[in-house]
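Residue 1 in the working numbering sits at position 16 of the sequence shown, with consecutive numbering throughout.
Where a beta carbon is used, it is the ideal one built from N, C-alpha and C, also for glycine.
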Amino acid sequence: MNESQMAFPEENRPWGGFLVLEDRPTHKVKRIWIQPGQRLSYQKHFRRSEHWIILEGRAQVTLDGKEILLSQGESVDIPLKAAHRIENIGDTQLTLIEVQRGDYFGEDDIVRLEDDYGRVP
């Protein structure tokens, strides 16, 4: 099995979960699902930018304090170092594709500013 065919396990989180679809030196692609009424931490990254594409559901994105509503087929760019959060504002699961671009994609490049699950240091 070569690198592009590697299987990645699903990662469960209190808000839903994600599956890494591709992990390369220049980018990482994830499918993320968020349960109704749940949201990710308000966070920023210093080594990657992100692009989110909504596949199903309704989202409220907070980007540097500005609220953006998104639904199926819509997308948003999250610049490097921008504070951001996504919340499922619908009554069904929110599913999106996240494309990360940068030079490092580890989960330890998350600086949490606010978190509903007690993960802010």
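1) Which stretch, first to last residue, makes up the beta strand (DSSP E) that contains Phe3?
2) Name the DSSP beta bridge partners of Ser34, please?
3) Tell me where the beta strand (DSSP E) around Val14 begins and ends.
4) Would you kindly work out how many angstroms separate the C-alpha atoms of His69 and Glu(-4), rounded to a whole number?
5) Using a threshold of 9 Å, state whether the C-beta atoms of Val14 and Glu83 are closer than that.
6) In whole angstroms, what is the alpha-carbon distance linking His36 and Asp8?
7) To which residues of the same chain is Phe31 closer than 8 Å at the C-beta, ignoring the five residues directly before and after it?
8) Terminal residues of the continuous beta strand (DSSP E) containing Val61?
9) Look at the alpha carbon of Gly103 and the alpha carbon of Gly22, and state the distance between them as a whole number of angstroms.
Working from what's here:
1) 1 to 8
2) Arg86
3) 12 to 19
4) 20 Å
5) yes
6) 15 Å
7) Leu65, Lys66, Asp94, Val96
8) 60 to 63
9) 17 Å
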